[in-house]
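This report refers to the structure that appears directly beneath it.
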Amino acid sequence: MGKVVTDTVIITSNKCDVVDNGSVEIIQAWLSKNILMKFQINENQPLQLIILKRFKRILLICPNHDLSEHVMDASLAGEVDKFNFSYSLQDGYRDLTKQHLRVPESEKMFLISPPASPPPEFDFSKCEDAPQRHIQSHIQKEQQRRMEAGHLLPKNPDEGDNGTFTLLKSKVGAITIDRCPTNDGYGQTQLADHVKTAFPPKSIFDTDDDDDDGDDETMG
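Here it is as structure tokens:
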């Protein structure tokens with residue numbers, strides 16, 4: 001008589017504690033590599049891993065008989081040779097629906113396959129759109145607006161004020177800007193040697209005699 005195949009695989013061991021956290025992690029990694037990555041298992045019909053600590057065994061309840069057979073075939077690998085794999089006498093899904101087997105929720109895991117990449121509905125014939133090269137974010141636009149100092153100055157300075165503009169005024173003092181013409185429709189841009197600059201500050205200790213002596217030495 002042939003071996004009876006069910007949807008539930010029982011894992012035991014006489015070499016280690018099969019319900020120990022280290023053993024469970026080894027089994028999870030092995031399932032991920034050999035089952036979850038090779039077969040599409042979704043959340044509607046997951047692969048259930050149930051840890052029975054009192055009975056020192058682990059149950060793998062598969063969605064169907066085909067997957068349980070693949071689990072048994074993969075168990076021949078050397079990486080899980082310290083564990084024993086065997087079929088249960090009855091299907092686990094049917095027993096769970098009858099609620100004959102009750103286990104704490106913390107001892108039950110639902111394993112599914114990682115999402116496919118690319119997804120099944122991916123269209124390989126569709127070309128990717130070219131990147132947008134002339135779109136600026138609102139942050140870039142705000143930085144550019146702040147860098148333009150022209151919005152701080154009047155476009156047409158009053159000629160009676162000799163083109164000056166008061167940027168800041170307080171009781172202590174004021175900051176006055178002497179605006180030069182630009183080529184934005186209000187005049188031609190002046191060269192650097194045509195722009196008026198302020199005289200260097202003069203010390204109260206400087207005298208006219210010092211200036212005259214300096215001129216005499218230069219002439220001598």
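Sequential numbering from 1 applies to the sequence shown in the UniProt record's numbering. All C-beta atoms in this analysis are idealised placements derived from N, C-alpha and C, irrespective of residue type, glycine included.
* Which runs of the alpha helix (DSSP H) fall wholly inside the stretch 8–44 and span at least 4 residues, in chain order? -> 21–31
* Count the other CB atoms, across all protein chains shown, that sit within 10 Å of the CB of G92; report buried if there are 16 or more and exposed otherwise. => buried
* Compare the beta carbon distance of V9 and L89 with 7 Å and say whether it is the shorter of the two. => no
* Can the beta-carbon of V19 be found less than 7 Å from the beta-carbon of K53? -> yes
* Per DSSP, the bridge partner or partners of S86 -> I10
* Find the nearest neighbour of V80 within the set D123, L36, I27, judged by alpha-carbon distance. => I27
* **CB-CB length for I41 against I112, believed under 8 Å** => 5 Å
* To do: Have a look at V4 and L67 and give me their C-alpha separation to the nearest angstrom.
  => 14 Å
* Asked: From C62 to A74, what does the alpha carbon distance come to, in whole angstroms?
  -> 14 Å
* To do: Give every residue of the same chain whose Cβ lies closer than 7 Å to the Cβ of residue 231, excluding the five residues on either side of it in the sequence, and list them in chain order.
  => Absent from the structure is residue 231, since the part of the chain shown begins at 1 and ends at 220.
* Asked: What's the gap between the Cα of N14 and the Cα of S86?
  -> 14 Å
* Can you list, in chain order, the residues of its chain whose CB lies under 8 Å from that of M37, leaving out five sequence neighbours each side? -> S113, P114
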